[in-house]
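Colleague: Those letters in the sequence shown? Residues 699 to 842, per our numbering, in order.
Think of the CB as a built atom: it goes at the ideal place given N, C-alpha and C, for glycine as much as any other residue.
On a predicted model such as this, the values are computed, not experimentally measured, just so you know.
I have a structure here, written as structure tokens, and I will follow up with some questions on it.
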Amino acid sequence: MEDVDQVATARLRAHGQRYTRNRRELMDLLAAAASPLTIPEILERRPGLAQSSVYRNLMLLEQSGLVQRIVTNDDWARFELAEDLTEHHHHLICSNCGIVRDVTVPPRVEKSVATAFAAIADETGFHLQHHRLDLVGVCPACAA
Numbered sequence: 699m700e701d702v703d704q705v706a707t708a709r710l711r712a713h714g715q716r717y718t719r720n721r722r723e724l725m726d727l728l729a730a731a732a733s734p735l736t737i738p739e740i741l742e743r744r745p746g747l748a749q750s751s752v753y754r755n756l757m758l759l760e761q762s763g764l765v766q767r768i769v770t771n772d773d774w775a776r777f778e779l780a781e782d783l784t785e786h787h788h789h790l791i792c793s794n795c796g797i798v799r800d801v802t803v804p805p806r807v808e809k810s811v812a813t814a815f816a817a818i819a820d821e822t823g824f825h826l827q828h829h830r831l832d833l834v835g836v837c838p839a840c841a842a
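Quick look at the structure:
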């Protein structure tokens, strides 16, 4: 996590902020999570943190490009480390319960998706930086 801490320190400093203990704790928690977390899930795992502090720090970490928000149809957005700090992946989102699971697609499929998105960007004059793909459906638990 040392490299992530160095990146976090630099990005926060560029925004006139410090990499505080609470921000480091949030980054560590998100790094250790198997899937994106909601604020209530973060508070369950770190009950000593105040909800308002978690929300404020997540927003700052998101603005600094360290965390990304995933919006689903449930009451809470989910948060995970920014992709450039982890690995490129996509999400399976349940339209019933809102659960989010990370999924990595085979390189052949990823190349096809990237090619298709680059073609769309060329046709529209859009300057593509990267892509995210969310597959929305019903998870096995909700389908049962």
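Taking just the CA atoms, how far does V765 sit from V702?
Modeller: Cα to Cα, V702 sits roughly 11 Å from V765.
Colleague: On a Cα-Cα basis, can you pick out the residue from D782, A748, L790 and I791 that is closest to E723?
Modeller: Nearest option by C-alpha distance: A748.
Colleague: Which full runs of the alpha helix (DSSP H) of 4+ residues lie inside the region 710 to 759, going along the chain?
Modeller: With a minimum length of 4 residues, the continuous alpha helix (DSSP H) runs that stay inside the region 710 to 759 are 719 to 730 and 737 to 743.
Colleague: Spatial neighbours of H788 within its chain, please: C-beta separation below 6 Å, excluding the five flanking residues on both sides.
Modeller: The answer, listed in chain order, is V801 and L831.
Colleague: In angstroms with no decimal places, state the Cα-to-Cα distance between Y753 and P745.
Modeller: Using only the alpha carbons, I get a separation of about 14 Å.
Colleague: Are the beta-carbon atoms belonging to L728 and E778 less than 7 Å from one another?
Modeller: Closer than 7 Å, so yes.
Colleague: Which residues in the same chain have their Cβ closer than 6 Å to the Cβ of L759, if we skip the five residues on either side of it in sequence?
Modeller: Here the set comprises V765.
Colleague: Starting from D832, trace the beta strand (DSSP E) in both directions and tell me its first and last residue.
Modeller: D832 to G835 is the span of the beta strand (DSSP E), which, as asked, contains D832.
Colleague: With which residues is V801 paired in a DSSP beta bridge?
Modeller: BP columns for V801 point to H788.
Colleague: From L735, L783, G796 and A706, pick the residue whose C-alpha is nearest to that of C837; which is it?
Modeller: When each option's Cα is compared against that of C837, the closest is G796.
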